[in-house]
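Participant: Mind having a look at this structure? Questions to follow.
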Amino acid sequence: SKIQQAKFFVTVNHLVDLPKDPIPEIAFAGRSNAGKSTAINLLCNQKRLAFSSKTPGRTQHINYFCIPDKDETLLGHLVDLPGYGYAQVDFKIKAHWEKLLSSYLQERAQLKGMVLIVDSRRGLTDLDRNMLEWFCPTGKPVHILVTKADKLNQSDKALVLKSVRDELKLLNSTKPKFGTLTAQLFSSIKRIGIEEADDLVCKWLGL
Ligand code: GDP
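Just so you know, we're using the UniProt record's numbering here: the sequence shown kicks off at 2 and counts up by one.
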């Protein structure tokens, strides 16, 4: 897959510093510890492209990875959004996080779709719902990776996937202008769902 060519590009702390080129990008979002960095690294087939950040102070960064073609022209960007939901984060950091993420999701023209990483043992949380509330009105597609599926038995996996899909269906039925909202099971450890996720990201980027 072309996204396996991904390389680190730039770290951004403020919206004004976002890359200006009209290159299509896909954003990865999720609660901290949901498995976002692991999923990005697996999709890009690299060990340490995305880093999981355990320090609340570092939650505000947006990391850009670029996908070059053979001749080094840029095909797209993968965007690693700051993980959210740390227990001990002060008010100022939370406010900064909200402004950064909501503005990015609502206004970023280059953004083609959002991949939302959700821990299968937790399901969708209110912070994830915030992300959907900000992004869905843009009419762009969302794909949820219900990850760490290896931690659940068959029936619990099916239950959590159904509950996520039901919630997406409900969102879609109330607001018909929303983009397609989909979900799948994913596991980095058992390598479940990698091809499905990869296909979608490539499709969104036009690769
Ligand atoms: P992030 O904070 O969202 O970037 O989360 P990480 O990718 O750092 O993952 C958080 C923890 O979950 C790490 O200890 C990972 O090894 C673990 N993890 C990530 N993906 C999976 C998975 O699919 N299955 C299992 N069992 N553990 C996972």
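Built from N, CA and C at the ideal position, the CB exists for glycine as well.
Being a predicted model, the structure only gives us computed values, none of them experimental.
#1: Taking DSSP as the reference, what is the three-state secondary structure of A35?
#2: Cβ of F66 within 8 angstroms of any heavy atom in the ligand GDP?
#3: Check whether the stretch 39-46 touches the stretch 84-96, taking contact to mean three or more Cβ pairs, one atom from each stretch, closer than 8 angstroms.
#4: Could you give the first and the last residue of the continuous alpha helix (DSSP H) run that contains L128?
#5: Based on the DSSP secondary-structure assignment, which residues constitute the bridge partners of L182?
#6: Measure from the alpha carbon of Q185 to the alpha carbon of each residue in L208, K176, L160 and S174, then state which is nearest.
#7: Terminal residues of the continuous alpha helix (DSSP H) containing K191?
#8: In three-state terms, what does DSSP make of C67?
#9: Using a 10 Å radius around the Cβ and a threshold of 16 neighbouring Cβ atoms, would you call V202 buried or exposed?
#10: Taking the alpha-carbon positions, what's the P69 to A96 distance?
#11: Taking the alpha helix (DSSP H) that residue 248 belongs to, which residues open and close that run?
#12: Nearer than 8 angstroms: is that true of the beta carbon of G207 relative to any heavy atom of the ligand GDP?
#13: For a test of your reading of the model: does the CB of F187 fall under 8 angstroms from any non-hydrogen atom of the ligand GDP? Yes or no.
#14: Which residue from P20, H15 and V11 puts its Cα closest to that of A51?
Facilitator: Once the coordinates are examined:
#1: Start at 1 with the first residue of the sequence shown, and residue 35 comes out as number 34. In the structure shown, A35 adopts coil according to DSSP, grouped into three states.
#2: Translated into positions along the sequence shown, residue 66 becomes position 65. Taking 8 angstroms as the cut-off, one finds no heavy atom of the ligand GDP near enough to the beta carbon of F66.
#3: No contact exists between the stretch 39-46 and the stretch 84-96.
#4: Taking the first residue of the sequence shown as 1, we reach residue 128 at position 127. From DSSP, the alpha helix (DSSP H) with L128 extends over D127 to F136.
#5: Residue mapping note: residue 182 aligns to position 181 of the sequence shown, counting from 1. The partner list for L182 (beta bridge, DSSP) reads V143.
#6: The count along the sequence shown starts at 1 and reaches residue 185 at position 184. When only C-alpha atoms are compared, the closest one is L160.
#7: Residue 191 sits at position 190 when you count from the first residue of the sequence shown. Where K191 is concerned, there is no enclosing alpha helix (DSSP H), given that its DSSP letter is neither H nor E.
#8: As a working note, residue 67 is residue 66 in the sequence shown. Here C67 sits in strand by DSSP.
#9: Here residue 202 corresponds to residue number 201 of the sequence shown, with the count starting at 1. Under this definition V202 is a buried residue.
#10: Here residue 69 corresponds to residue number 68 of the sequence shown, with the count starting at 1. Here residue 96 corresponds to residue number 95 of the sequence shown, with the count starting at 1. For P69 and A96, the distance between alpha carbons rounds to 34 angstroms.
#11: The requested residue 248 does not occur in the structure, where the chain is confined to residues 2 to 208.
#12: On the sequence shown, position 206 is the one that residue 207 refers to. G207: no, Cβ never under 8 angstroms from the ligand GDP.
#13: Looking up residue 187 in the sequence shown gives position 186. Checking every heavy atom of the ligand GDP against the Cβ of F187, one is found closer than 8 angstroms.
#14: Within the sequence shown, numbered from 1, the residue matching residue 51 stands at position 50. In terms of CA proximity to A51, V11 leads the group P20, H15 and V11.
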